[in-house]
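A short write-up of the structure that comes next.
There are 2 protein chains.
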Amino acid sequence: MDKFKQFLKSISSITDTEYNETISYFSKQNLLKGDFFVKQDKVCRHIGFILKGTLRTYYMNDKGEETTSCFCTENNLTTSYKSFILQQPSNIILQAIEETQLLVIDYENLQKLYAKSTVWQTIGRAVAEREYIVMEQYASILNNETAKEKYLRLLKEQPSVLLKANIEDIASYLGVTRRTLSRIRQEISK
Amino acid sequence: MDKFKQFLKSISSITDTEYNETISYFSKQNLLKGDFFVKQDKVCRHIGFILKGTLRTYYMNDKGEETTSCFCTENNLTTSYKSFILQQPSNIILQAIEETQLLVIDYENLQKLYAKSTVWQTIGRAVAEREYIVMEQYASILNNETAKEKYLRLLKEQPSVLLKANIEDIASYLGVTRRTLSRIRQEISK
DNA sequence: AAAATTTGAGGACATTTGTCCTTTAAGAAC
DNA sequence: GTTCTTAAAGGACAAATGTCCTCAAATTTT
Numbered sequence: 009m010d011k012f013k014q015f016l017k018s019i020s021s022i023t024d025t026e027y028n029e030t031i032s033y034f035s036k037q038n039l040l041k042g043d044f045f046v047k048q049d050k051v052c053r054h055i056g057f058i059l060k061g062t063l064r065t066y067y068m069n070d071k072g073e074e075t076t077s078c079f080c081t082e083n084n085l086t087t088s089y090k091s092f093i094l095q096q097p098s099n100i101i102l103q104a105i106e107e108t109q110l111l112v113i114d115y116e117n118l119q120k121l122y123a124k125s126t127v128w129q130t131i132g133r134a135v136a137e138r139e140y141i142v143m144e145q146y147a148s149i150l151n152n153e154t155a156k157e158k159y160l161r162l163l164k165e166q167p168s169v170l171l172k173a174n175i176e177d178i179a180s181y182l183g184v185t186r187r188t189l190s191r192i193r194q195e196i197s198k
Numbered sequence: 009m010d011k012f013k014q015f016l017k018s019i020s021s022i023t024d025t026e027y028n029e030t031i032s033y034f035s036k037q038n039l040l041k042g043d044f045f046v047k048q049d050k051v052c053r054h055i056g057f058i059l060k061g062t063l064r065t066y067y068m069n070d071k072g073e074e075t076t077s078c079f080c081t082e083n084n085l086t087t088s089y090k091s092f093i094l095q096q097p098s099n100i101i102l103q104a105i106e107e108t109q110l111l112v113i114d115y116e117n118l119q120k121l122y123a124k125s126t127v128w129q130t131i132g133r134a135v136a137e138r139e140y141i142v143m144e145q146y147a148s149i150l151n152n153e154t155a156k157e158k159y160l161r162l163l164k165e166q167p168s169v170l171l172k173a174n175i176e177d178i179a180s181y182l183g184v185t186r187r188t189l190s191r192i193r194q195e196i197s198k
C-alpha cells in the first residue's frame, strides 16, 4: 500500500491525512495467470495500481489475431483507459500473464473523490496527462523504431517481460511475425 | 470565437458568464503556410484551438527523415501536448500547411485558470482525457491498419488533407515510402 | 512564351518480411 | 525411461516494400 502512496505523492501534493481519508475508496484484487482484468467489449469499471505482477494489453481483430500493445508492470496504473473514461465497451483486453495483485477503484468512487477533494481533481488530471504521455511515447515508438530496436528496448527496459511472455505475444508487441522475431534474435545473438 | 465556446461546452458545463470571464486569457495567432507553431527542441508554451486552417505534426530523426503523425484541422485543439505538460523541449514539430488562425493560451495563463476556477480544472482533465483518446485511437490505427486502410480512412475522414498536403507527407503519415503510396493509389483507382 | 524547377507516377531490381513447413529441444504425461 | 505434446528455431519460397532511377506533367521563374 505504501507503494501507492508514494506513487500519488510523485504526481501530486497529497498529504498523509488526505491519503488516509481517501484510501478506503480502494480495494484489493488478486488475479491468477490467465485471468482477465478487462474483457473485450465489456465496459471497464476500474482503474488498478499494480502492486505485484504483470498484465498484457492486447487488441483482437475479427480474424482472432491478437496484437499486444503493452506489458504493464509493478508500480504502474493499469486500465482500459478509454473505456473507463467514456464508460463504453472496451476494444482492448487486459490479461494477467502471471499472478498479480492490484489496488483498484471503481468509476463511481473515483467520481466521488473528484467531487469531494481538490487534490483528487489534480490527481485526475495528472493521471490523464501521464496516460497521454505514455501513449504518445508508445505511438512514437511505433512510428520511429524498427522491430529490432523495439526488441532491444524491451530487453533494456522490461527484461522480465521477455522471460514471462511467450514468443507469439512478444512478436505481436513488436508488430512482426514469430518468424521475423526468430530472425531478430538470431541477429542479436551474433 | 463562438466555435471555441461551443467546443468548451461540448466537453464541460461552462456557462456563458464563466466563458466571458476567462476568454481574455486567450489571444489570436495567425500562421502563414510553412510557419511553425512548435519548433523542434523548443519548449511548447501554448495550446491552440484551430479556428481555420491545417497543421501538420511530425517527428524528425537524426537522418533528417520526417514522420508525419497527425494532420490537425479546424475546431480542434493543437499543441505539442507532452512538451506543454512537462514544459520540456518538444520532440515533435507543428507546422502550418496552409494559412491558419488560432486561439491560443500560454502555460502560465492556463495554470491561472486552473487555480481560479473549478470549471477549468474539469476542462483541464477533460482535455487531457480527450488527448489521450485521440492518441490511443492513433496508436490503434498504427497497430491494426494497413497503409491502404489508413489512406482510405484519410480519404473518408479528412479528405481536404489529401488535397492540401504533399505526397511525401501523406506517405510518411501512412508509414510507407512515396513508391508504395503510388502503388496504393494505383490499386484504389481501379 | 520558354526555360527551369518541383512534384507525382511508375519501371527494375534488391531487400525484407510473411507463409508454410520441418526440425529440434524442453517439459509433461504415462 | 519412453512417449506425447508444446514451444521455439529456422529452411524454402512467395509476396510486399524499399531503393534508385526515369519520365511526364504541372508550376514557377525569368
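As given, the protein sequences belong to chains A and B, one line each in that order. Numbered according to my numbering, the first sequence spans residues 9 to 198. Numbered according to my numbering, the second sequence spans residues 9 to 198. Beta carbons are placed, not taken as given, at the ideal position from N, Cα and C, and that holds for glycine.
Query, Result
"Residue range of the unbroken alpha helix (DSSP H) whose run includes glutamate 29 (chain A)", "24 to 30"
"Own chain residues within Cβ distance below 6 Å of threonine 130 (chain A), not counting five before or after", "Ser20"
"Any chain A beta carbon closer than 9 Å to glutamate 157 (chain B)", "no"
"Element boundaries [alpha helix (DSSP H), containing glutamate 137 (chain A)]", "126 to 152"
"Proximity of threonine 87 (chain A) and leucine 39 (chain A) at Cβ, strictly below 9 Å", "no"
"Nearest candidate by alpha-carbon position, reference threonine 30 (chain A), set A:Thr185, A:Ala155 and A:Ser125", "A:Ser125"
"Extent of the continuous beta strand (DSSP E) to which phenylalanine 45 (chain A) belongs", "44 to 46"
"Helix, strand or coil at serine 35 (chain B) [DSSP, three-state]", "strand"
"Close Cβ partners of serine 7 (chain B) (< 7 Å) along its chain, the five nearest in sequence each way excluded", "For chain B, the structure presents residues 9 to 198; residue 7 (chain B) sits outside this window and is missing."
"Residues sharing a beta bridge with proline 97 (chain B), DSSP", "B:Val51"
"Beta-carbon proximity check, asparagine 152 (chain A) vs threonine 75 (chain B), cutoff 9 Å", "yes"
"Buried versus exposed call for alanine 123 (chain A) [16 or more other C-beta atoms within 10 Å across all chains shown]", "exposed"
"Cα-Cα separation, aspartate 24 (chain B) to glutamine 119 (chain A)", "25 Å"
"Among B:Glu176, B:Ser197, B:Arg138 and B:Glu195, nearest to tyrosine 66 (chain B) - alpha-carbon criterion", "B:Glu176"
"First and last residue of the uninterrupted alpha helix (DSSP H) at threonine 87 (chain B)", "Unbroken run through threonine 87 (chain B): none, as it is neither H nor E."
"Neighbour flag for asparagine 152 (chain B) against chain A, beta carbons, 9 Å", "yes"
"Three CB pairs or more closer than 8 Å across the region 46 to 57 of chain B and the region 91 to 99 of chain B", "yes"
"Identity of the residue in B:Leu111, B:Lys172 and B:Glu195 nearest lysine 11 (chain B) by Cα", "B:Leu111"
"Glutamine 109 (chain B) (DSSP reduced to helix, strand or coil)", "strand"
"Straight-line gap, isoleucine 178 (chain A) to valine 46 (chain A) (C-alpha atoms, nearest Å)", "20 Å"
"Beta-carbon proximity of tyrosine 27 (chain B) to isoleucine 113 (chain B), cut-off 9 Å", "no"
"DSSP-derived helix/strand/coil call for lysine 11 (chain A)", "helix"
"Stretch pair the region 166 to 176 of chain B + the region 130 to 139 of chain B: three plus CB contacts closer than 8 Å", "no"
"Leucine 63 (chain A) beta carbon less than 9 Å from that of glutamine 96 (chain A)", "no"
"Residue range of the unbroken alpha helix (DSSP H) whose run includes threonine 188 (chain B)", "186 to 197"
"Rounded distance between the beta-carbons of isoleucine 105 (chain A) and lysine 172 (chain A), thought under 8 Å", "5 Å"
"Rounded straight-line distance, which links the Cα of leucine 85 (chain B) to that of lysine 158 (chain B)", "22 Å"
"Bridge partners - tyrosine 67 (chain B), DSSP secondary structure assignment", "B:Thr75"
"Rounded straight-line distance, which links the Cα of methionine 68 (chain A) to that of glutamine 48 (chain A)", "8 Å"
"Neighbour flag for alanine 179 (chain B) against chain A, beta carbons, 9 Å", "no"
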